[in-house]
Every structure is written in C-alpha cells, then in structure tokens.
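K.L.:
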Amino acid sequence: MRFTKMQGAGNDYIYVNCFEETVNDPENVSVKVSDRHFGIGADGLVLIMPSDRADVRMRIFNADGSEAKMCGNASRCIGKYVYERGIIRKDTITLETNSGIKILHIDTNDGRAEVSVDMGTAAFKPDMIPVLSTEPMINAPLTSDGVTYTVTAVSMGNPHCVIFGDDPDGIPIERIGKAIEHDPVFPDRVNVEFAQVIDSETIKMRVWERGSGETLACGTGACATAAAAVKNGLCPKGHGIKLLLRGGVLNITVNEEWSVVMSGDAGFICDGEIEI
Numbered sequence: 000m001r002f003t004k005m006q007g008a009g010n011d012y013i014y015v016n017c018f019e020e021t022v023n024d025p026e027n028v029s030v031k032v033s034d035r036h037f038g039i040g041a042d043g044l045v046l047i048m049p050s051d052r053a054d055v056r057m058r059i060f061n062a063d064g065s066e067a068k069m070c071g072n073a074s075r076c077i078g079k080y081v082y083e084r085g086i087i088r089k090d091t092i093t094l095e096t097n098s099g100i101k102i103l104h105i106d107t108n109d110g111r112a113e114v115s116v117d118m119g120t121a122a123f124k125p126d127m128i129p130v131l132s133t134e135p136m137i138n139a140p141l142t143s144d145g146v147t148y149t150v151t152a153v154s155m156g157n158p159h160c161v162i163f164g165d166d167p168d169g170i171p172i173e174r175i176g177k178a179i180e181h182d183p184v185f186p187d188r189v190n191v192e193f194a195q196v197i198d199s200e201t202i203k204m205r206v207w208e209r210g211s212g213e214t215l216a217c218g219t220g221a222c223a224t225a226a227a228a229v230k231n232g233l234c235p236k237g238h239g240i241k242l243l244l245r246g247g248v249l250n251i252t253v254n255e256e257w258s259v260v261m262s263g264d265a266g267f268i269c270d271g272e273i274e275i
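Numbering (numbering that gives the first Met the number 0), first residue to last: 0 to 275.
#1: Under a three-way DSSP split, which group does residue 204 fall into?
#2: If you reduce the DSSP assignment to three classes, tell me which class residue 1 lands in.
#3: Does the Cβ-Cβ distance between residue 243 and residue 221 come in under 7 Å?
#4: Can you check the region 189-261 for any alpha helix (DSSP H) of at least 4 residues that lies completely inside it and give the ranges in chain order?
#5: Among all the DSSP beta bridges, which residues are the ones paired with residue 79?
#6: Taking 8 Å as the limit between beta carbons, can you name the residues of its chain near residue 143, skipping five residues before and five after?
#7: On a CA-only basis, which of 56, 73, 100 is nearest residue 87? Give me that one, please.
#8: What residue from 49, 203, 43, 51 has the CA that sits closest to residue 63's CA?
#9: Leaving out five residues on either side along the sequence, give the residues of the same chain with a beta carbon under 7 Å from the beta carbon of residue 112.
#10: From the DSSP output, read off the bridge partner residues of residue 270.
#11: Within the same chain, show all residues whose beta-carbon is closer than 8 Å to that of residue 26, passing over the 5 residues directly before and after it, in chain order.
#12: Compare the Cα-Cα distances from residue 3 to each of 235, 97, 212, 45 and report the closest residue.
#13: Please report how far the alpha carbon of residue 269 lies from the alpha carbon of residue 135, in whole angstroms.
#14: Determine the contact status of residue 265 and residue 76, defining contact as a CB-CB distance below 7 Å.
#15: Are residue 252 and residue 232 closer than 7 Å when you measure CB to CB?
#16: State the Cα-Cα distance for the pair residue 226 and residue 121, rounded to the nearest angstrom.
#17: Going by DSSP, what residue range makes up the alpha helix (DSSP H) through residue 35?
#18: Suppose you measure from the CA of residue 151 to the CA of residue 246; what does that come to, to the nearest Å?
#19: Drop a sphere of 10 angstroms on the beta-carbon of residue 49, count the other beta-carbons inside from all chains shown, and report buried for 16 or more, exposed for fewer.
#20: Is the beta carbon of residue 38 less than 7 Å from the beta carbon of residue 215?
#21: At which residue ranges does the region 95-155 contain complete alpha helix (DSSP H) runs of 4 or more residues, listed in the order of the chain?
#22: Tell me whether residue 67 sits in a helix, a strand or coil according to DSSP, three-state version.
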C-alpha cells in the first residue's frame, strides 16, 4: 500500500490516495499502520476518495480502528494534498465527510497550499452531541470516576467535552480523559479537552481523543474549545482565537451564527510503501 504521512499541528495521519489505491478492511489497516513500533506510527488512517457529492471524500479511522465522523486537521491536509498533487486545482474545494460537506479554502504561497476550513456550526443541543441530558450541558457539573468537573459539551461533527481550568500540563490526562471518554452519559464516547484561557484571544489546550488517546493536536477539539469559550463568555465572537496545542498553533474564529473557521499549519512528512 502506497501512503503519504502528513501532519497538522502535530496531528499525524497516514493518507492513502484512493483515486489510485483500494484499501480493504480499513479498520484493521488503521490499527496496523498507526502502531509506532510495528507500523508507521500515526493517530490513524485517512482515505482520500472520489465523491459523487463533492470534489473529494474523506474517511478517517482512529488508531483503534473505529471510524470517526470528522477531523479538522485531516481536512486541511487533504486540501493541501489534492491541490499540490494536482488532483483538484481549485481555490475552493468541497469535502464530503461523515458529518456533512465541508468547504476548504486554498491560498497559495510559492505554489504551496495554505488551507482554511469552514468547520460547520457548533452544536450544544444534547441530542446533537449526543449526551444523555435533558438540558444543554454548558458549564455544568459532571461526576466521573468519583470526581466532579465543570464541563461544556459541544459537537463539531464529533462529540466533545471541554473542561476549563488551570494550566493543563499537570493534568493526569490518560486517567481523567479515559474515564470521561467512556462515561455512560456520552453514548458514543467523547473527546475531552482540558483548556486554560490565557486571555480573550489565547487558549492553551490538551486533548484526549476517543479511540486514539492523547494527541498533539485536534482540529475539531480546538474548534469545540473555542466555541465553548465563547458560549461561556470567556472569549468574544467574530475575533480570531489562538489555540496553543502541544504540536502547534491553530487559529479559530467563531462567527455570529456559531459557524467556526479554522486555519493552521499542515505539512507533508514522507511518502512510502508498507506491506499490509
């Protein structure tokens, strides 16, 4: 199987051009290639596919083989891939995902593509996340593994649980993140963000992704955190918010109708082949 490894703010995936390749059993392939000792090493597998609804289709599989609905960093990497590899040469590219059609905007600098993505609308209604609650879970208590946290639940195509507090570097993220990920209040499991608001335009964040564990960055998680900060009055609407993640910086804008736009670094690491 031919592949390209790419990263967006350190969020690394194995990308396969399914305009040319066929990947059977992608759930198991994702587990194999994501292993950092016996595979390539990544947060998961991304298939770049033809679409009858958009310019290109994305399927994304976590490191444990589970299929995700959406990934912001992977979306930007796909935009860069299809533009720079000459598959789609357009300034605006439509991307089909399991959470709907997303719009990628391409700017070029010396032939290199810089990609921003319209991530859709942040959703706080419990049934849209989903979360087993009769009311939106905004700055609400959640008791998990015997500890009560103040959380905001939001969907950006994937379910997220955002916890604001002090510097997240000292948090035992594996223990807390795993417990909340599997808490029965989230029937589809949940991604967990631990965030510190530094000022109205800057947030520091760590993320525990369902199916992958801690990753260096998460695009939908950064968007969910920015939307939760706006919802809780910690940051303003319509202004750029800088998300400081372990792997880099993502720039998020939450607009008046709760639509979210994300931009940030995306880059190629290597091309190669692996026997599967």
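Positions of the beta carbon are idealized from the N, C-alpha and C atoms, including for glycine.
This one's a predicted model, so the numbers in the text were calculated from it and none came from an experiment.
P.N.:
Checking against the coordinates, here is how it stands:
#1: The DSSP-derived three-state label of residue 204 is strand.
#2: In the structure shown, residue 1 adopts extended strand secondary structure according to DSSP, grouped into three states.
#3: No, these two residues do not count as a Cβ contact at 7 Å.
#4: Restricting attention to alpha helix (DSSP H) runs no shorter than 4 residues, the region 189-261 encloses them at 218-230, ordered along the chain.
#5: Paired residues: none, contrary to the question.
#6: 175, 178, 179, 182, listed in sequence order.
#7: Taking residue 87 as reference, the option from 56, 73, 100 with the minimal CA-CA separation is 56.
#8: With distances taken between Cα atoms, residue 63 lies closest to 43.
#9: So the list reads 78, 79, 82, 83, 105, once near-sequence residues are dropped.
#10: Here residue 270 is bridged, per DSSP, to 3.
#11: Once the five neighbours on either side are set aside, the close Cβ partners of residue 26 are 60, 64, 65, 66.
#12: Ranking the options by Cα distance to residue 3, first place goes to 45.
#13: Roughly 43 Å separates the two Cα atoms.
#14: Result yes, Cβ atoms of residue 265 and residue 76 sit closer than 7 Å.
#15: Cβ atoms of residue 252 and residue 232: not closer than 7 Å.
#16: If I take the Cα positions, the gap works out to 7 Å.
#17: It is not in any alpha helix (DSSP H) - residue 35 carries neither H nor E in the DSSP assignment.
#18: Cα-Cα distance, rounded: 24 Å.
#19: Flag for residue 49 reads exposed.
#20: Taking 7 Å as the Cβ cut-off, residue 38 and residue 215 do not qualify as a contacting pair.
#21: Taken in chain order, the whole alpha helix (DSSP H) runs of length 4 or more contained in the region 95-155 number zero.
#22: Reduced to three states, the DSSP call for residue 67 is strand.
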